[in-house]
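Residue numbers (our numbering): 65 to 218. Beta carbons are placed, not taken as given, at the ideal position from N, Cα and C, and that holds for glycine.
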Ligand SMILES: [Zn+2]
């Protein structure tokens, strides 16, 4: 039987426990990027002067010309909503009565996919200015979740 031919007798899904252990590292750029979010509530990008691009999140090399990027720039906490969606289902497949807005917030020449907050879904428009709302410093762990969500700039 080929991998492309599905066994119609095989179960589609099953529930059980599967122990998995791993260790994820952010890498050189991610370490510095998330440490800045945690320690100072700053979002950093790195600039490629060959390509005139500021990468957000910061990277250590330019994906276009492979130049090492050493110029770290505080790009601020404000971006522009590039696109968004509403999540009507939870991870367990259950229906969410209050859809959760998630968007791609363009910052410099990159951006972050994140939760949108402090707004009704009807108020969300492409191009609206959004600002990162950071968790209180004592609650930050060095993760993208240190940004609680992006909120409208008023
Ligand atoms: Zn470049």
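Quick one: Cα of residue i to Cα of residue j, how far?
i, j, result
"residue 204", "residue 176", "18 Å"
"residue 23", "residue 98", "There is no way to answer for residue 23, as the model of the chain reaches only from 65 to 218."
"residue 141", "residue 147", "18 Å"
"residue 94", "residue 73", "44 Å"
"residue 115", "residue 127", "10 Å"
"residue 185", "residue 129", "40 Å"
"residue 153", "residue 112", "39 Å"
"residue 162", "residue 150", "9 Å"
"residue 214", "residue 123", "22 Å"
"residue 193", "residue 125", "28 Å"
"residue 92", "residue 166", "27 Å"
"residue 172", "residue 108", "10 Å"
"residue 156", "residue 83", "19 Å"
"residue 76", "residue 118", "44 Å"
"residue 220", "residue 143", "The displayed coordinates of the chain run from 65 to 218. Any statement about residue 220 would go beyond what the structure contains."
"residue 135", "residue 195", "23 Å"
"residue 106", "residue 202", "15 Å"
"residue 110", "residue 178", "20 Å"
"residue 216", "residue 81", "41 Å"
"residue 168", "residue 131", "26 Å"
For residue i, report the span of its alpha helix (DSSP H) as first-last.
i, result
"residue 105", "Looking at the DSSP string, residue 105 is not in any alpha helix (DSSP H), and its letter there is neither H nor E."
Less than 7 Å between the CB of residue i and some heavy atom of ligand 2, yes or no?
i, result
"residue 99", "Ligand 2 is not part of the structure shown, which contains ligand 1 as its ligands."
How is the beta strand (DSSP E) around residue i delimited, first residue to last?
i, result
"residue 162", "159-171"
"residue 146", "142-153"
"residue 193", "193-198"
"residue 88", "Neither: residue 88 is in no beta strand (DSSP E) and is coded neither H nor E."
"residue 236", "Within the shown structure, residues of the chain are numbered from 65 to 218, placing residue 236 beyond reach of any answer."
"residue 215", "211-216"
"residue 136", "136-138"
"residue 178", "174-179"
Got a list of residues with beta-carbon closer than 6 Å to any non-hydrogen atom of ligand 1, in chain order? 112, 114, 115, 126, 128, 129 and 131
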